[in-house]
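Keeping their order, the protein sequence lines are chains A and B.
When you line the first sequence up against my numbering, it's residues 1 to 119, in that order.
When you line the second sequence up against my numbering, it's residues 1 to 119, in that order.
Beta carbons are placed, not taken as given, at the ideal position from N, Cα and C, and that holds for glycine.
As the structure is a computational prediction, the values presented were derived from the model and not from experiment.
This report refers to the structure that appears directly beneath it.
There are 2 protein chains.
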Amino acid sequence: MAIHDVECCDDFEVHSDVVQAVRSHMPDDDDLYDLAELFKVFGDSTRIRILYVLFESELCVCDIAQLLNMTQSAISHQLKILKQSRLIKSRREGKSVFYSLADDHVYRIINQGFEHIKE
Amino acid sequence: MAIHDVECCDDFEVHSDVVQAVRSHMPDDDDLYDLAELFKVFGDSTRIRILYVLFESELCVCDIAQLLNMTQSAISHQLKILKQSRLIKSRREGKSVFYSLADDHVYRIINQGFEHIKE
DNA sequence: TATTCATATGAATATCTGTTCATATGTTCA
DNA sequence: TGAACATATGAACAGATATTCATATGAATA
């Protein structure tokens, strides 16, 4: 049976070769959920900007707040989300807490995204 | 002046070397906004799952709806968003409309994401 | 042309999310 | 210890968003 030599959208479709193939190659629902959650973290311009300023150097909360012209509280809330997603890590130095990128996955993911929007 | 040999969080901080360096390396706000918008599209498990089923083969709307066990309307709404972001393309064949991935950026972006969650 | 099938779409709704505000926690230093 | 500074956090509110429902559009066929 050729790839699309099937009636589309009747109930038999569920048993076609293509649909069966798709089913067998799908990752676990949990993984797909986690993946969406990860991209959701990148899907906010405040968090993207935070990640970008951390590309250059580790920074403390108030530095980031000043750079992005936002309140300390707003930044702190977003840093928490970024940290929970293991995209950034923190280090306390006296009263300040310095944040930095957790690893270079952040780099790669953002760069791939950039390539897409630059078409 | 050493990297962190500056008083953190007073107003002079804005003029420090590091902060100046960060400022000069930031992309345009428009690009950062677009980037966040792109990741926002990936940040929904329905859309992620749609992209995944399209990895295997082009599919029509009702096929996708059946595979994901969702209504045709819900899928159609999400396909519109994916298409507006140029992540998928469509082709009409009679009554059906077949959707497929626009290019391999989708692949790469999702794979980078997967690497992160699989640590 | 009328009917049926496949898809698209607008409005409504419920849920989610980011920021603000007030305040708590934690650290340094006098 | 107490004051000042840096950060974290909970509650509340406003804005965004995914799904549902009803219906419109578009295409094939009898």
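Beta carbon of residue i nearer than 7 angstroms to that of residue j
| i | j | result |
| --- | --- | --- |
| ASP34(A) | ILE109(B) | no |
| PHE98(A) | CYS60(A) | yes |
| VAL127(A) | GLU56(B) | This structure cannot settle anything about residue 127(A), because the visible part of chain A is limited to 1 through 119. |
| LEU32(A) | SER45(B) | yes |
| TYR52(A) | MET70(B) | no |
| GLY43(A) | GLY43(B) | yes |
| ILE64(A) | ILE81(A) | no |
Nearest neighbour of residue i, chosen from the options [CA to CA]
| i | options | result |
| --- | --- | --- |
| GLN84(A) | ARG47(A), VAL53(A), TYR107(A), TYR52(A) | ARG47(A) |
| LEU79(B) | LEU54(B), ASP103(B), GLU93(B), LYS95(B) | LEU54(B) |
| CYS9(B) | GLN66(A), LEU51(A), GLY43(A) | GLN66(A) |
| TYR107(A) | VAL19(A), ASP28(A), ARG49(A) | ARG49(A) |
| ASP17(B) | GLU58(A), THR71(A), SER73(A) | GLU58(A) |
| GLN72(A) | HIS105(A), SER24(A), ASP103(A), SER96(A) | SER96(A) |
| GLN120(A) | LEU68(B), ARG91(B), GLN20(B) | Summary: the structure shown does not reach residue 120(A), with chain A confined to residues 1 through 119, and so no result is reported for it. |
DSSP three-state assignment for residue i, whether helix, strand or coil
| i | result |
| --- | --- |
| CYS60(B) | strand |
| ASP5(A) | For ASP5(A), the pLDDT reaches just 44, beneath the cut-off of 50, and the residue's location in the model is therefore unreliable, leaving the point undetermined. |
| SER73(A) | helix |
| LYS89(A) | strand |
| GLU119(B) | coil |
| SER16(A) | coil |
| HIS105(B) | helix |
Start-to-end residues for the alpha helix (DSSP H) that takes in residue i
| i | result |
| --- | --- |
| LYS40(A) | 29–42 |
The stretch 109–117 of chain B contacting the stretch 21–39 of chain A, beta-carbon criterion three pairs below 8 angstroms: Between the stretch 109–117 of chain B and the stretch 21–39 of chain A, the count of C-beta pairs closer than 8 angstroms reaches three or more; the two stretches touch.
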